[in-house]
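First residue of the sequence shown? That's 50 in our numbering, and the numbers climb one at a time after it. Glycine included, each C-beta is placed from N, C-alpha and C at the ideal position. Notes to accompany the following structure.
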Amino acid sequence: MKKIVFAVFLVLMAIGGAYGAELKIGYVDLNRALNESEEGKKAVRALEDIVKSRQALIDGKRREIGKLEEDMSKQSSVLNQEALREKKKEHRKMSRELDRLVKDSEEEVEERRADFMDRIVRELTELTRKMGEEEGYAVVFDKVQGGVIYITEKYDITEKLIKRFNEIKVKK
50 MKKIVFAVFL
60 VLMAIGGAYG
70 AELKIGYVDL
80 NRALNESEEG
90 KKAVRALEDI
100 VKSRQALIDG
110 KRREIGKLEE
120 DMSKQSSVLN
130 QEALREKKKE
140 HRKMSRELDR
150 LVKDSEEEVE
160 ERRADFMDRI
170 VRELTELTRK
180 MGEEEGYAVV
190 FDKVQGGVIY
200 ITEKYDITEK
210 LIKRFNEIKV
220 KK
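So, in structure tokens, the structure goes:
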């Protein structure tokens, strides 16, 4: 990816030199913007709240299982086989419920994290494009990912490429 960014950079520099124009090139660190923006911090706090509430449910279920285990241990000598089997069955059921709760909680947190982050990154990317256009940048890169976020249409040579390619193919 970095090779592609470097190649685009070199092409833009060559184009700028050929047209005698100075190219304005910028970059952004979307990860940093995500982590340091107020919206990003707000999303992190919201995720932390979700994690805390889910952790409280998980801890409660673990306490229930612990109490059941303690009761089984204390009562094992006085319970008949049928009652002991029922307690063990209840323990297995509660353990499965706990496992499911943990899994569901992890999935929920991951989904919410992805939703928050995707939304904010989309907004940051759109704002970067707008700023690139408004402030006259030829191209704006993402420092971390290496991708082009904004590039001016001024240097788009796609039409010329198509025309030339068609000319070459017609000759053959």
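Report yes if the C-beta distance between residue i and residue j is below 7 Å; otherwise report no.
i      : j      : result
THR207 : VAL77  : no
GLY196 : LYS73  : no
HIS12  : LEU106 : Here the chain comprises residues numbered 50 to 221, so residue 12 is not present and cannot be evaluated.
LYS101 : MET121 : no
LEU79  : ARG162 : no
VAL170 : GLY75  : no
VAL151 : ILE99  : no
GLY181 : TYR199 : yes
Look up residue i in the DSSP assignment and say whether it is helix, strand or coil.
i      : result
ILE206 : coil
LYS212 : helix
Assuming residue i contacts residue j (C-beta within less than 8 Å), just tell me the rounded distance between them.
i      : j      : result
LEU173 : ALA82  : 5 Å
SER154 : ARG103 : 4 Å
ILE114 : SER144 : 6 Å
LEU133 : SER125 : 7 Å
Mark residue i as exposed unless 16 or more other C-beta atoms lie within 10 angstroms of its C-beta, in which case mark it buried.
i      : result
GLY43  : Given a span of 50 to 221 for the chain in the structure shown, any question on residue 43 remains unanswerable.
VAL219 : exposed
LYS221 : exposed
ASP191 : buried
ALA187 : buried
* Segments of 3+ residues assigned as beta strand (DSSP E) that fall wholly inside the region 107-195 -> 188-191
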